[in-house]
Each structure stands twice: as structure tokens, then as C-alpha cells.
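S.K.: Dropping a structure here in C-alpha cells format, bear with me for questions.
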Amino acid sequence: MRAAVILGAGFSKNSGLPIQSEIPELLIENQEDNLFENNISQAIQRFYEDVFGFSKEKLPPSLDDLLTCIDISTNSGHHLGIKYSPLHLRAIRRFIIYKLFKILEDKYCYSEAVFNLVIKLLKAYGKVDFIVLNWDTVLEKYINLVNSGYTVNYCNGGEYIRSINSDNALEEIKIIKIHGSSNWLYCDNCRALFNDSFGDIPLIKRAGFMVTDFEILSDFKQDVEEFTEGEKCLICGDRISSHIATFNFRKSFKENSFPQLWDEAEKALTISDKWIFIGYSLPQADYEFKHLLKISELKLMHRNKRKHEIDVVLLNSTSTAAKYISFFGQRKVKIYNGGINEYIKYI
């Protein structure tokens with residue numbers, strides 16, 4: 003039996019990572035022992051204040067609003083007010099992405115329940131393909147803990163900065179990350195993609211900071227050379243940096259950047275016997291992915307007597323359960339609303 007496992011933010015939440023609504027406040031959290039981090043946080047907070055009227059006693063703008071306003075303005079070449087030119091906005095975007103990735107790294111903590119879940123999934127089915135909508139590398143960490151000999155195939159056509167020794171390699175596991183990943187680096191010149199599967203490249207280099215980014219920080223007193231060194235493309239020698247699909251760019255990410263990822267996701271969904279959704283709320287913003295789900299569900303239904311089995315793993319969310327039932331139908335969906343600990347008992 004072949005399974006496609008679809009992972010949302012709730013899966014990573016089990017390992018200490020924040021959900022999307024918690025991130026904006028963490029982006030401006032000060033770290034008293036780190037001047038560099040504080041300067042970045044202060045620049046982001048000033049952006050909150052100038053553009054969204056934020057003050058400490060109020061809720062910060064959502065991550066969706068932050069990145070959508072920045073992306074649309076920079077893509078069209080327009081300012082966000084006199085203070086924030088496209089050049090300035092690109093710097094702010096790099097600050098936000100850097101802080102976001104650092105949060106994803108720093109907040110991770112090992113979960114025995116998630117470890118056991120990954121083991122059981124890999125053992126219970128003849129083949130398991132993972133489709134991940136998160137930017138983090140939580141799943142990869144657990145797969146490496148289960149057995150470091152597993153080979154991860156990101157299905158993105160990218161080069162691997164460091165490959166596993168073929169003599170020690172076990173089964174290949176597909177991890178299809180349709181919105182990109184925090185450990186992927188992209189060259190804007192030759193359009194090569196690199197997978198940093200083992201975290202060899204420091205986050206500060208993945209951010210792709212430029213000297214001009216820090217010139218806009220009038221109170222930034224540190225030497226910026228160590229933060230702007232960057233990582234070089236192995237093919238053309240230009241700078242490479244993180245490449246993910248933020249909310250406004252998800253459609254273009256699908257159609258222009260990595261269309262093969264979406265093709266691979268569709269294939270994995272279509273040929274699998276079972277779909278297992280873990281911690282995914284089926285949000286309206288993911289309309290492109292929801293359409294992909296529906297295409298994959300229906301396109302061979304007239305040829306197959308057996309329909310996809312669908313398991314949905316949630317944690318005390320009757321509203322999300324209702325969304326799944328309305329989207330797939332009552333007869334197809336099994337809801338496990340007690341989280342990962344409940345679902346492990348049924349695998």
C-alpha cells in the first residue's frame with residue numbers, strides 16, 4: 003500500500019515550532035546578548051510602526067500582510083510610503099526571512115511522539131511520499147534520527163551540496179516541499195538550485211544580506227563584512243540565497259520557479275492509495291494546493307474501483323474537521339481529532 007503524507011504547520015508545532023499567527027511577535031523579540039539580532043528586530047519593528055501603525059500594546063500585523071505588502075510593492079517597483087522604496091523593502095524582506103528561519107531553527111525541540119509517528123509511517127506502508135507545505139526541516143531531522151542512511155529526494159532538480167555515501171544509503175524518501183524550504187539556495191544568475199540537506203551553510207549566509215541592507219540601519223554600528231560575505235554558486239560564482247514561496251508569490255512559484263515540484267506532488271497524490279493529512283488546516287489561502295488535491299482525487303476515479311482513503315490528524319479542531327468533510331465528503335474522510343498521540347495507536 004502506498005501513502006502520501008501531507009504535513010502542515012500543526013505537524014511542526016509538535017516539535018516546538020510556532021504557528022504562523024505567533025511568528026510576527028517573535029520577529030521583533032529582543033535578544034539582550036546579541037546586538038546583531040536586536041538591530042534586525044528593531045528594523046522590523048520600525049517597519050511595523052511606520053506601515054501598520056503598530057505599538058507595543060497592540061497585536062502586530064500578520065505574516066501574510068507583511069510579506070504580501072512587501073512582495074507586491076517590490077515586484078511592481080512601487081514604494082510603501084516615502085520612506086520605504088523597493089530597495090528598502092527588499093532589505094526588510096531579507097531581515098524578516100532571516101529572523102523567520104532563525105526562529106524555525108531555534109524553537110525546534112525533539113518530540114518522542116513525532117519520532118514514533120515517523121517510524122510507524124515508514125514501516126506501515128510499502129512506499130511513503132511526503133508533501134510538505136512548511137518551510138522548516140523538522141521532518142528531515144526525524145528521518146535522519148530514524149536512520150541516517152535514508153536518502154532524501156526533494157524532487158526539485160537541485161544539486162545537493164553534500165550527498166550521503168552511496169555505500170550507506172538505504173531507501174530513497176521523497177519530500178516534496180511545494181512552497182520551498184529554508185535549506186534550499188537559489189542562484190538568480192544561472193537559476194541553479196542547491197539543497198543544503200545537512201545544514202552545512204550557516205543561516206547568515208543563506209540570508210543573502212547585502213551591504214546596502216545595513217546602510218539603511220542608521221543605528222547599526224557593527225562591521226557588516228561578516229554578515230554580507232554570502233555563499234557562492236558552485237556553477238557561475240554568483241551569490242546564492244534562500245528561495246521560498248511567500249504568500250503573494252505562491253502562484254508564480256508553482257508556475258515559474260519549480261513547476262516540477264507541483265508535478266511531483268500531483269503524481270504522488272494520484273498514485274497513492276491513502277492520503278494522510280497531519281496538522282494541516284486546509285486554509286483558503288492554499289487554493290492552488292486545494293485545487294491540486296481535487297484534480298488528483300478525481301482524474302482517475304472513473305478507472306479505479308477503490309477510492310483514496312483519507313485520514314486527517316488534527317488536535318481538537320471541529321471547525322477544521324468540518325472543512326475536510328465538506329471538501330472530500332463524509333464517506334471518504336476519517337478524522338482523528340486527538341492529535342498525533344491518538345493517531346499512532348491506529349497506524
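In our numbering, each residue's number is its place in the sequence shown (first place is 1) plus 2. The C-beta atom is built at its ideal place from N, Cα and C for all residues, glycine as well. Only a predicted model underlies this, so the values are computations on that prediction, with no experimental measurement involved.
1. The beta strand (DSSP E) spanning Gly182 covers which residue range?
2. Between the Cα of Trp378 and the Cα atoms of Ile177, Asn149 and Gly128, which residue gives the shortest distance?
3. Using DSSP with H/G/I as helix, E/B as strand and the rest coil, what is Tyr162?
4. Going straight from the alpha carbon of Glu233 to that of Leu205, what length do you get?
5. Within its chain, find whatever has a CB closer than 7 Å to the CB of Thr139; leave out the 5 residues flanking it on each side and keep chain order.
6. Whole angstroms are fine: how far does the CA of Ile72 sit from the CA of Lys404?
7. Does the separation of the CB atoms of Ala287 and Asp52 fall below 9 Å?
8. For Ser243, does the three-state DSSP call read helix, strand or coil?
9. Decide if Leu119 is buried, meaning its Cβ has at least 16 other Cβ atoms within 10 Å, or exposed.
10. Counting only the same chain and skipping the five closest in sequence on each side, list residues whose C-beta sits under 7 Å from that of Glu39.
11. How many Å lie between Tyr289 and Leu295 at the Cα?
12. Taking Cβ to Cβ, would you say Leu135 is nearer than 9 Å to Phe291?
13. Give the DSSP-derived three-state secondary structure of Trp264 in the structure shown.
14. When you compare only the Cα positions, how much space is there between Leu29 and Glu217?
15. Taking only beta-carbon atoms, is Lys122 less than 9 Å away from chain D?
16. What is the C-beta distance between Gln262 and Cys192, in whole angstroms, given that I count them as a contact (C-beta under 8 Å)?
17. Looking at C-alpha atoms only, which residue of Ala194, Ser274 and Gln22 is the closest neighbour of Ile163?
18. Buried or exposed: where does Ser306 fall if 16 or more other Cβ atoms within 10 Å of its Cβ makes it buried?
19. Which one or two residues does DSSP pair with Ile280 in a beta bridge?
M.R.: Straight from the coordinates:
1. Gly182 to Cys189
2. The requested residue 378 does not occur in the structure, where the chain is confined to residues 3 to 349.
3. strand
4. 10 Å
5. Ser183, Ser184 and Asn185
6. Since the first and last residues shown for the chain are 3 and 349, residue 404 lies out of range.
7. no
8. strand
9. buried
10. Gln33
11. 10 Å
12. yes
13. helix
14. 20 Å
15. Of the chains in the structure shown, none is chain D; there is only one protein chain.
16. Not a contact, Cβ separation roughly 17 Å.
17. Ala194
18. The amino acid at residue 306 is misidentified as Ser; the sequence shows Asn. Looking at its Cβ environment, which holds fewer than 16 other Cβ atoms inside 10 Å, Asn306 is exposed.
19. Leu9 and Val315
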